[in-house]
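First the structure, in the form of structure tokens, and then the observations on it.
Residue numbers (this note's numbering): 1 to 456.
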């Protein structure tokens with residue numbers, strides 16, 4: 001497995017390079033068994049001219065939006081870093097990593113000077129060992145994927161993979177033609193993947209999540225997105241959620257446990273619904289099973305796998321997910337319940353109701369519907385029930401508990417423990433009803449945004 005991380009390298013002059021903090025980072029990742037894709041981005045203080053910092057220079061975040069003054073110095077920097085890494089971790093280990101050049105063309109536009117930066121980076125890494133893997137262009141919105149492939153081929157530059165970023169809220173999915181396409185995200189990503197496949201290159205999405213801006217990374221909608229999209233992304237070689245944790249510097253630090261941060265867990269370590277979705281997918285087994293009957297454009301998705309399951313070895317990963325911008329809610333204070341409101345500040349009706357003073361169960365009754373799944377397993381001794389694990393407004397959704405406390409900015413240790421417990425996925429059971437020969441039926445209640453794992 002590969003997990004994408006970003007590392008900022010700090011150094012002082014054009015001659016002496018210091019990697020102390022980077023090595024601390026590499027050490028802890030290596031101890032945890034993480035194989036990195038190293039992204040060189042916004043590197044600090046080698047410049048003679050006035051520095052241009054990212055995000056208004058918040059706190060200690062010193063990402064730079066500008067190319068180096070001297071690409072020879074940059075070559076030396078990357079070469080020395082690679083030499084130190086190989087010396088410490090060994091060539092075999094570092095050769096399993098992926099070095100990604102720059103980040104979203106910040107101050108380094110394509111093709112120039114980006115290709116000069118890529119040239120210096122790639123040649124420096126390959127000088128240390130031809131086995132070290134390097135790629136790019138690490139663009140936003142799948143930009144310049146084809147152009148990068150053509151440029152590296154024309155210049156005969158080494159490239160071991162193609163990487164880019166994409167979010168469902170990116171402009172390609174916001175046009176009059178695409179806003180109604182529930183799978184615009186998948187369509188755009190797979191179109192870019194085909195460009196890399198045509199060049200016989202691995203393709204990485206090294207940044208994505210369920211959307212920027214007003215979409216929620218904190219509630220069950222993110223888990224539903226994960227189940228739906230992972231099932232569609234099989235052609236990809238890497239698919240990396242942005243990001244691990246809400247301990248995140250770009251906009252500087254936030255105190256509240258839930259502030260719609262990009263992380264899979266809060267600053268205090270409470271696992272969000274998307275984390276739990278990935279946790280369940282980690283046990284998905286080894287083979288996919290064919291699924292039929294789900295219409296194109298439906299909010300329902302089903303990923304079926306064989307291996308690692310129950311008595312029949314089957315698992316179903318069922319999601320109900322809509323593009324979050326399709327419906328918003330606000331509190332009707334006189335009724336203490338939330339209603340559809342295009343200008344509302346909530347995208348999760350259950351969370352809105354909790355904030356409004358209404359029991360969460362009202363949202364469940366309003367939003368849920370039943371779906372019956374037919375499992376054709378061919379067995380004459382099928383079990384009578386299935387194990388079911390849910391993520392929705394009332395299951396594995398700690399944000400609702402936090403909202404019920406009045407959404408405090410700071411929480412106690414006891415409250416941390418309660419949130420951790422509320423984040424856990426708990427097993428329930430569902431009846432398996434015999435259908436035809438070798439067939440079982442299972443009925444599931446699905447909220448508008450949910451992820452449900454069924455083990456049979």
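Cβ coordinates follow ideal geometry from the N, Cα and C atoms, glycine included.
In the DSSP secondary-structure assignment, residue 315 is bridged to 305 and 455.
By DSSP's assignment, residue 136 forms a beta bridge with 162. The distance from the Cβ of residue 319 to that of residue 228 is about 5 Å, consistent with a contact at the 8 Å cut-off.
When secondary structure is reduced to three states using DSSP, residue 323 falls in the coil class, being assigned neither helix nor strand. A distance below 6 Å between beta-carbons, with the five flanking residues on each side excluded, links residue 121 to the following residues of its chain, in chain order: 78 and 101. Between the stretch 148-167 and the stretch 202-219, the count of Cβ pairs shorter than 8 Å is three or higher; the stretches touch. For the 7 Å CB-CB criterion, residue 224 and residue 451 form a contact.
When C-alpha distances from residue 304 are compared across 292, 298 and 433, the shortest belongs to 292.
Residue pairing by DSSP leaves residue 173 without any beta bridge partner. Boundaries of the beta strand (DSSP E) around residue 390: 385-391.
With respect to the 7 Å criterion, residue 260 and residue 323 are not classified as neighbours on the basis of their beta carbons. The beta carbon of residue 83 lies closer than 7 Å to those of 128 in the same chain, with the five residues before and after it left out. Only exposed fits residue 234, as fewer than 16 other CB atoms lie within 10 angstroms of its CB. With a cutoff of 7 Å on beta-carbon distance, residue 391 and residue 220 are scored as near each other. Secondary structure remark: continuous beta strand (DSSP E) runs of at least 3 residues inside the stretch 207-273, in chain order: 238-241.
Look at residue 334 here: in three-state DSSP terms it is coil, with no helix or strand label. Note on geometry: alpha-carbon atoms of residue 383 and residue 419 lie some 34 Å from one another. Taking 8 Å as the upper bound for CB-CB distance, residue 201 and residue 159 are in contact here, some 7 Å apart.
CA-to-CA, the gap between residue 310 and residue 431 works out to about 14 Å. In this structure, residue 151 lies away from residue 109, with their beta-carbon atoms at least 7 Å apart. In the DSSP assignment, residue 427 is bridged to 389. With distances taken between CA atoms, residue 393 lies nearest to 447 out of 412, 440, 438 and 447. The straight-line gap separating the alpha-carbon atoms of residue 66 and residue 196 is approximately 27 Å. The alpha-carbon of residue 401 is positioned some 8 Å away from that of residue 422. Distance check between residue 380 and each of 409, 434, 374 and 407 places 434 closest, using alpha-carbon atoms only.
Only residues of its own chain outside the window of five on either side were considered, and among them 429, 430, 431 and 432 have a CB closer than 8 Å to the CB of residue 385, listed in chain order. Within the same chain, 188 come within 6 Å of residue 172 by CB-CB distance, once the 5 residues on both sides are set aside. Scanning 244, 177 and 149 for the CA closest to the CA of residue 198 turns up 149.
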